[in-house]
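One structure is given below, encoded as structure tokens.
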Amino acid sequence: MNTSQLNVITNPPQDNRRMRLLLCSAVFLLVSGTGIIAPLLAPYASSMGISAYAIGFLFSGFYIVRLIIGTPVGFFSEKYGSRKTLIVSLIVYPFVSLSYFFANDVLSLLSARLLHGIASAMMLPMAMAYMGNISLRGKEGYYIGILNTVILTAGAFGPVVGGFIAQYWGIRIAFSCLFFLSLISLMIAIFLPRDHSPQDILESEEIKKKEHVVKLRLNRNIVVLALFNIIIAIFDIFIISFFPLYTLKMQLSAPILGGLIAANSLIMAGLQIPFGRLVDRKSKRISILVSVVGMCLSLLLTPLITGFSVWVGFFFFISTTAISSALCMAGVSALSVETGKQEGMGRIMGFLGSASSFGMVIGPMLSAFLIDHVSYESIFYVTAAIWFLTGIIFVSTTRGIRHYHRT
């Protein structure tokens, strides 16, 4: 179904601001809650005597569930609307926290984690779909930049609070925090005004014919957007998984490591709105290509620079990858919203959510393979090659397509 008429939002500006405020408040609380428990799950599982292999499956199983159901969730939202789908996910989250709280063996903890995966597959993609549906024409980057800022800020805030809570009050209190934050988030989401569901828009025969003409081109572009979601996810999971091992190999302390990871998230969060405005005004294609070049140079130069100075190398890596990744995320997110308005917002966001989950699944396996068979440094070079190849595919795919070049 073509939903290009969604480009025109009829809500008055004041109501539009209310929709953004309610959505961002709900997302911030929920992501903060999940961030609180995120760094505690592995120690929690270990305290039960669960093996390292089983702990690994807890994390990979989470993303496998998201990978499998992300696209069906998108089609579900096309029928019932992103708001209703978002509310369903928030209804599930209190049960997720209770499942974690009462888990006492590997089976119950795995069940809680898989339930968490189901809720997660619905929540963030549908939040992005809702924001995309209410975005004004020509301001897609700005709108989605606001939501990305909220997500990244909450993602940096949650683990810090979680570590503090676990140290002074225990892990189960952290799960209780997720329970109450998810309930508050649900109550806020209930007051969200109804977004523009694709089912509510009557299409003319002319629009249907137009959809038939551009369908193949749009599908090709969706695949490219999915590739970018995959490589961004591969890099994100590297930052929180094998990058810490690399810094320890270079003899950096744990507090410094935490500071580096937090700085990466906060730089990206701070740049989302400015970069969102930038990609709305300038060529999204050029912005994404600049980000690809920046990522490739950063990944290629970091092992060389750290060979001379560890501090300079890691400062260079964190700052340049944060800036490049933020610019790429802004451009890709804006294009995803534009494509969603043409092809169905929920369907596109659900599919791209599955693509991100695929990157989260294969990223650790790729890094582990390279460490075992080559070296830590090879991760940087291989990741740079993946970004470069994706950039080439993007250039060849988007050549001559007008809205990618719009200024």
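Residues 3 to 409, numbered by our numbering, are exactly what the sequence shown covers, in order.
Even glycine gets a Cβ: it sits at the ideal position worked out from N, Cα and C.
Runs of alpha helix (DSSP H) with 4 or more residues, each lying fully within the stretch 220 to 264, are found at 244 to 251, listed in chain order. If you look at residue 128, you'll find it in the alpha helix (DSSP H) that goes 108 to 136. Here residue 282 is buried. Its C-beta has 16 or more other C-beta atoms within 10 Å.
In the structure shown, residue 105 falls within a coil segment according to DSSP collapsed to helix, strand and coil. Between residue 244 and residue 369, the beta carbon gap of about 4 Å places them in contact (Cβ cut-off 8 Å). In the three-state DSSP reduction, residue 99 falls in the helix class (H, G or I).
For residue 40, no alpha helix (DSSP H) run applies, since DSSP gives it neither H nor E. Residue state for residue 311 is assigned as coil, using DSSP reduced to three classes. Note that the C-beta distance between residue 147 and residue 37 is not below 9 Å. Remark: C-beta atoms of residue 348 and residue 128 approach each other more closely than 9 Å. Assignment of residue 88 by DSSP, reduced to helix, strand and coil, places it in the helix class. Residue 53 sits exposed, since fewer than 16 C-beta atoms from the chains shown fall within 10 Å of its C-beta. Under the three-pair Cβ rule at 8 Å, the stretch 95 to 115 does not count as touching the stretch 134 to 153. One thing to note: residue 68 has its Cβ within 9 Å of the Cβ of residue 122. Burial state of residue 336 is buried, judged by a 10 Å Cβ sphere holding 16 or more other Cβ atoms. Here residue 25 is buried: its Cβ has 16 or more other Cβ atoms, across all protein chains shown, within 10 Å. The continuous alpha helix (DSSP H) containing residue 163 extends over residues 142 to 170.
Only residues of its own chain outside the window of five on either side were considered, and among them 92 have a CB closer than 6 Å to the CB of residue 188, listed in chain order. Per the C-alpha coordinates, the member of 265, 299, 366 positioned closest to residue 155 is 265. Sequence-distant Cβ neighbours of residue 302 in its own chain, meaning closer than 8 Å and more than five residues away, are 382, 383, 386. Rounded to the nearest angstrom, the Cβ distance from residue 65 to residue 339 is 24 Å, too far for a contact under 8 Å. The Cβ neighbour count for residue 79, taken over all protein chains shown within 10 Å, is at least 16; the residue is labelled buried.
Counting along the chain, residue 367 sits inside the alpha helix (DSSP H) bounded by residues 347 to 375.
With fewer than 16 other CB atoms across the displayed protein chains lying within 10 angstroms of its CB, residue 310 is exposed. Between the C-alpha atoms of residue 71 and residue 177 there is a straight-line separation of about 25 Å.
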